[in-house]
Amino acid sequence: MPRTHDAAPAPTSYRLGGIVRYDKMPPRGIRRFLWKKCLQVDAHLCFAMLEWWEALLIAFIVLPVTLFFWYSCYAYFPGHIRYLTRRYAYYVYGDEALDLLALSRAYAAEWINVAWLSFWSLVGTASRVEL
Numbered sequence: 001m002p003r004t005h006d007a008a009p010a011p012t013s014y015r016l017g018g019i020v021r022y023d024k025m026p027p028r029g030i031r032r033f034l035w036k037k038c039l040q041v042d043a044h045l046c047f048a049m050l051e052w053w054e055a056l057l058i059a060f061i062v063l064p065v066t067l068f069f070w071y072s073c074y075a076y077f078p079g080h081i082r083y084l085t086r087r088y089a090y091y092v093y094g095d096e097a098l099d100l101l102a103l104s105r106a107y108a109a110e111w112i113n114v115a116w117l118s119f120w121s122l123v124g125t126a127s128r129v130e131l
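Next up, the structure:
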């Protein structure tokens, strides 16, 4: 009984160094890069075990759902973030028309100023050594 690695390869495969390969690598360049990415997607999504029509059916279902998701992120997400910032300003500060960006910039500038002054006060005292 022949061992499995001695068995004849499939008609679409070839043997290279004792390893049965099922697709020949294209020449170097963009074709090989795309071939490798296609193999990665097939392996990751298990398309390699499906028939061609099953993979096509899944691709036709997944692609529109993915496109609708990214379109909704592009179209509706910025408006939703603006709505959430207005609600945050209302609940935290009591004013929905408050400019949170200017408020956060002033808060950050205040903390940077405090850190800068405390740094220079530490450096100034450390450089003065009394004998």
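Heads up: the sequence shown begins at 1 in full-length UniProt numbering, then just goes up one per residue.
Just so it is clear, CB atoms sit at the ideal spot from N, CA and C, and this is done for glycine as well.
Distance between residue j and residue i (C-alpha atoms, nearest Å)
i, j, result
"Lys24", "Arg31", "12 Å"
"Pro64", "Trp70", "10 Å"
"Leu117", "Cys46", "59 Å"
"Tyr91", "Phe77", "21 Å"
"Ala115", "Phe68", "46 Å"
"Val123", "Tyr93", "38 Å"
"Asp95", "Leu39", "55 Å"
"Ala73", "Phe119", "Looking at the sequence provided, one finds Cys at residue 73 rather than Ala. For Cys73 and Phe119, the distance between alpha carbons rounds to 43 Å."
"Asn113", "Ala75", "38 Å"
"Ala43", "Trp35", "12 Å"
Same chain, Cβ closer than 6 Å to residue i, neighbours up to 5 away in sequence not counted
i, result
"Val129", "Caution is warranted here: a pLDDT of 49 is assigned to Val129, below 50, making its placement in the model unreliable, and the coordinate value is therefore given only provisionally. None."
Spatially closest choice to residue i from the options, by CA coordinates
i, options, result
"Leu100", "Ala108, Thr85, Glu110 and Ala109", "Thr85"
"Ala97", "Tyr83, Ala59 and Ala108", "Tyr83"
Where residue i falls: helix, strand or coil (DSSP)
i, result
"Pro26", "coil"
"Val62", "helix"
"Asp95", "coil"
"Cys73", "helix"
"Leu45", "coil"
"Glu54", "helix"
Interface flag, residue i vs chain C, CB-CB below 8 Å
i, result
"Ala43", "In the structure shown, chain C cannot be found, because there is only a single protein chain."
8 Å Cβ shell around residue i - same chain, five flanking residues per side excluded
i, result
"Trp111", "none"
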